[in-house]
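Remarks on the structure that follows.
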Amino acid sequence: MNKNKDVTQEELAEVFKAERPRLLRYACYRLSNEVDAEDVLQETFLKLHSRLQDHEGQEIHNLQSYLFRTLTNICTKWQTNNSRIKTVPLDIKADMADSPTETRNDDDYRRIARLLKVIPEEQAEVIRLRIYGDNSFMQIAEILSLPLPTVKSRFLYGLEKIRRGMKQ
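For the sequence shown, position 53 (counting from the first letter as 1) is numbered 52 according to numbering that gives the first Met the number 0, and the numbering increases by one without interruption.
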């Protein structure tokens, strides 16, 4: 998607509209608050829109990855600036997790959300981008500017820590 070509405002709007559900789901799980996630998503679009306007014809190799990278950076900044603890009951907004089935347990969601906060952030971020952002490992490597093996190992180590925490 958009490999080695200049990105226009129209392309940004088109890709943003197509990727919005994935971006929002990721931001909701990252920030644990849908209102904040909406704000961060809007800030992401405005930042990219103004950046492209200031540098019309800017070359972006992969607009989808660029969107996620910008979103992850803004989420990190948002969390730093709003360091108060926020929680959202996962049963309030079922679409945040793609309509959980009856076999899924809300307690498990809460435990996983809690465990994502206690494992190393670099592992939690890869897990969130993979599961909630629905990105491939290759996309995550591009978003985080990391080698593919590092992304895969962070995912596996983080998942193993969550599995151990779920057994306790």
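Every residue, glycine too, gets a C-beta built ideally from N, C-alpha and C.
Could you check how far apart the C-beta atoms of His45 and Leu22 are, in whole angstroms? I think they sit under 8 Å. Taking the sequence shown and counting its residues from 1, the one referred to as residue 45 is at position 46. Taking the sequence shown and counting its residues from 1, the one referred to as residue 22 is at position 23. Here residue 45 turns out to be Leu, not His, going by the sequence shown. Not confirmed; about 14 Å, so no contact.
For the alpha helix (DSSP H) that Arg163 lies in, which residues bound it at each end? Position 164 of the sequence shown holds residue 163. From DSSP, the alpha helix (DSSP H) with Arg163 extends over 147-166.
Counting pairs of beta carbons, one from the stretch 123-130 and one from the stretch 141-159, are three or more of them closer than 8 Å? The stretch 123-130 vs the stretch 141-159: in contact.
Looking at C-alpha atoms only, which residue of Leu114, Arg68, Leu115 is the closest neighbour of Leu145? For the purposes of this step, residue 145 is taken as residue 146 along the sequence shown, with counting starting at 1. The residue with the shortest Cα to Cα distance from Leu145 is Arg68.
With DSSP as the reference, label Arg127 as helix, strand or coil. Here residue 127 refers to the residue found at position 128 when the sequence shown is read from its first residue. Helix, per DSSP.
From what residue to what residue does the alpha helix (DSSP H) around Ile139 run? As a position in the sequence shown, residue 139 is number 140, starting the count at 1. 136-143 is the span of the alpha helix (DSSP H), which, as asked, contains Ile139.
Classify Arg162: buried if its beta carbon has 16 or more other beta carbons within 10 angstroms, exposed otherwise. On the sequence shown, residue 162 is found 163 positions in, with the first residue counted as 1. In the assembly as shown, Arg162 is an exposed residue. Its beta-carbon has fewer than 16 other beta-carbons within 10 Å.
8 Å Cβ cutoff met for Ser64 and Glu141: Here residue 64 refers to the residue found at position 65 when the sequence shown is read from its first residue. Here residue 141 refers to the residue found at position 142 when the sequence shown is read from its first residue. Here Ser64 is near Glu141, since their CB atoms are less than 8 Å apart.
Assuming Val6 and Leu70 form a contact by the criterion Cβ under 8 Å, report the distance between their Cβ atoms to the nearest whole angstrom. Against the sequence shown, residue 6 aligns to sequence position 7. Against the sequence shown, residue 70 aligns to sequence position 71. That belief does not hold up - the Cβ atoms of Val6 and Leu70 are roughly 16 Å apart, past 8 Å.
I'd like the list of long-range same chain contacts for Ile111, defined as Cβ closer than 8 Å, with 5 residues on each side in sequence excluded. Sequence index remark: in the sequence shown, residue 111 carries index 112 (1-based). Non-local beta-carbon contacts of Ile111 in its own chain, meaning distances under 8 Å to residues more than five positions away in sequence, involve Ile161, Met165 in chain order.
Quick check on the burial criterion: 16 or more other C-beta atoms within 10 angstroms. Buried or exposed for Thr75? Stepping through the sequence shown from its first residue, residue 75 is reached at position 76. Thr75 should be labelled exposed.
Distance, Cα to Cα, Leu147 vs Gln138? In the sequence shown, residue 147 corresponds to position 148, counting from 1. In the sequence shown, residue 138 corresponds to position 139, counting from 1. Straight-line Cα distance between these residues: approximately 9 Å.
Leaving out five residues on either side along the sequence, give the residues of the same chain with a beta carbon under 6 Å from the beta carbon of Arg19. The residue you call residue 19 lines up with position 20 of the sequence shown. Residues of the same chain with their beta carbon placed closer than 6 Å to that of Arg19 are lacking, with the five preceding and five following residues left out of the count.
Within 8 Å, strictly: CB atoms of Leu51 and Gln8: Mapped onto the sequence shown, residue 51 falls at position 52. Mapped onto the sequence shown, residue 8 falls at position 9. Going by C-beta atoms, Leu51 is nearer than 8 Å to Gln8.
Within this structure, are the beta carbons of Gln78 and Leu143 separated by less than 8 Å? If you number the sequence shown from 1, residue 78 lands on position 79. If you number the sequence shown from 1, residue 143 lands on position 144. In this structure, Leu143 does not lie closer than 8 Å to Gln78 by Cβ.
Counted within 10 angstroms of its Cβ, other Cβ atoms place Arg24 as buried (16 or more) or exposed: Position 25 of the sequence shown, counted from the first residue, corresponds to residue 24. It counts as buried.
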